[in-house]
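In our numbering, the protein residues as written are 7 to 196.
Idealized CB from N, CA, C, for every residue including glycine.
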């Protein structure tokens, strides 16, 4: 609508400029020429905006939040977040480590991941970081660790769940079997 109005105003300004060519007033001719140029630039700007109206993401990925049908026809401002896009080339895995086991885990340890959606395949990675503050997930306190997985074949998607093994230093079988019971008793009896 704004483009049609600008084109009509530009055409009127060009006609006014052409009419003032016949007259003897050079100031009116110059003002008509300047107005015609201004409206031509405005038409060019609006045409440029219409050509570049397509919303594009700067990264390849999958849309996590946002709905095109709900956003269509709604006025937006520059910088407003319309969609949240997650890249698929590299995935960050969040590992929920129980607070009772967090002291045995350090960044740099090997991680093996098996997804519920593809239980026959194991992904290997390295624990890159560990959040310093615990979070409550499924009613238990956990510390979140992070590992990165390459997703060359595109099989991984945001929100997938699975089980993780963090490969720690070797321990005697007695420690593995009884350390949780021992730590529980130490906590309750002290």
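Give the straight-line distance between the Cα atoms of residue i and residue j, rounded to the nearest whole angstrom.
i	j	result
residue 146	residue 100	16 Å
residue 55	residue 30	39 Å
residue 116	residue 103	14 Å
residue 122	residue 168	5 Å
residue 43	residue 10	17 Å
residue 45	residue 12	7 Å
residue 25	residue 68	57 Å
residue 173	residue 73	41 Å
residue 190	residue 84	56 Å
residue 177	residue 114	18 Å
residue 63	residue 86	13 Å
residue 118	residue 131	6 Å
residue 59	residue 21	31 Å
residue 14	residue 93	45 Å
residue 105	residue 66	36 Å
residue 187	residue 194	11 Å
residue 78	residue 164	26 Å
residue 57	residue 142	48 Å
residue 166	residue 185	31 Å
residue 27	residue 17	15 Å
So what does DSSP say about residue i, is it helix, strand or coil?
i	result
residue 26	helix
residue 153	strand
residue 109	helix
residue 162	coil
residue 11	helix
residue 147	strand
residue 120	strand
residue 69	strand
residue 142	strand
residue 60	coil
residue 176	coil
Determine the extent of the alpha helix (DSSP H) in which residue i is found, giving its start and end residues.
i	result
residue 195	179-195
residue 104	It is not in any alpha helix (DSSP H) - residue 104 instead sits in the beta strand (DSSP E) that spans 96-104.
residue 44	32-57
Please report the residue range of the beta strand (DSSP E) in which residue i lies.
i	result
residue 92	90-93
residue 173	168-173
residue 83	Segment: none, residue 83 is in no beta strand (DSSP E) and carries neither H nor E.
residue 135	129-136
So residue i packs on residue j, CB below 8 Å; how close in whole Å?
i	j	result
residue 108	residue 120	That pair is no contact at about 21 Å.
residue 91	residue 70	7 Å
residue 41	residue 19	5 Å
residue 33	residue 23	13 Å between Cβ atoms; not a contact.
residue 124	residue 161	7 Å
Stretch pair the segment 177-187 + the segment 129-137: three plus CB contacts closer than 8 Å = no
Three or more beta-carbon pairs under 8 Å between the segment 146-161 and the segment 89-98, yes or no?
-> yes
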